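A quick write-up on the structure given underneath.
In the working numbering, the protein residues as written are 5 to 182.
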């Protein structure tokens with residue numbers, strides 16, 4: 005008997021475990037300001053992953069350092085009035101928060117839209133992937149990804165919502181299932 009059928013079986017097993025048909029989509033990210041939606045800064049590939057949702061950025065054009073990164077309620081990146089003034093990407097609403105939790109980050113019980121921070125290197129590029137273990141791919145459609153000017157301490161003190169500051173980039177998520 006040939007070893008070939010056994011090799012074929014081994015090849016079949018891992019291929020099934022890898023879920024070669026995993027869902028993915030590319031989200032185009034744009035700079036945002038109180039004046040509107042601006043130029044593209046690249047894309048974030050979003051992939052369904054057995055451990056949650058994987059975000060793979062291919063971005064450039066933001067300041068070096070950590071930037072708060074969140075999934076927001078609404079599929080809209082336009083400015084809107086907030087506290088009497090026009091605010092960048094305010095139409096995206098707040099962080100996705102179906103359980104009305106606190107802002108505790110991606111690994112704690114809190115806002116479902118709290119994602120790991122994105123790192124922009126010295127050349128202004130972000131390419132390091134981040135994993136959101138509490139999200140499911142189905143949570144994404146009809147939402148927006150938002151990047152903030154500063155980092156995120158995953159608390160509401162001393163600044164609200166992690167202290168990330170202004171919304172500086174945004175991308176609308178529409179996986180085309182509608």
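From the three backbone atoms N, C-alpha and C, an ideal C-beta is built for every residue, glycine too. No experiment lies behind these values; they were computed from the predicted model shown.
- Within the model, the alpha-carbon separation for residue 133 versus residue 142 is close to 19 Å.
- Counting along the chain, the unbroken beta strand (DSSP E) around residue 119 starts and ends at 118-124.
- The three-state reading of DSSP puts residue 62 in strand, counting E and B together.
- In the DSSP assignment, residue 174 forms a beta bridge with 34, 150.
- In chain order, 64, 65, 66, 67, 68 place their CB closer than 8 Å to the CB of residue 128, counting only its own chain and leaving out the 5 sequence neighbours on each side.
- As the crow flies, the alpha-carbon of residue 40 is around 20 Å from that of residue 99.
- Residue 96 sits in a helix when the DSSP states are folded into three classes.
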